[in-house]
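> Please find one structure pasted underneath; my questions will follow.
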Amino acid sequence: MSVAVKIQEGKKVSTLMSGFKPFLITADVPAEELRRLSVSATSGASLLSPYDY
Numbered sequence: 001m002s003v004a005v006k007i008q009e010g011k012k013v014s015t016l017m018s019g020f021k022p023f024l025i026t027a028d029v030p031a032e033e034l035r036r037l038s039v040s041a042t043s044g045a046s047l048l049s050p051y052d053y
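According to full-length UniProt numbering, the sequence shown is numbered sequentially starting from 1.
Structure representation (structure tokens):
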């Protein structure tokens, strides 16, 4: 799993998680934990291709 921080449009910062393979947890769990730690908004939108299932 890889976690990267990207700066977009001025001071807007986003965190990109890639290589995440859900096993016994959903993507919402780490998204919620990151939101809590950084006190910000999160989006659990999936970028998985149909072949990742």
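From the three backbone atoms N, C-alpha and C, an ideal C-beta is built for every residue, glycine too.
#1: Return helix, strand or coil for Ala-31, following the three-state DSSP convention.
#2: According to DSSP, is Leu-16 helix, strand or coil?
#3: Tell me, which residues are paired with Ser-2 by DSSP?
Reading from the atomic positions:
#1: helix
#2: strand
#3: Ser-18
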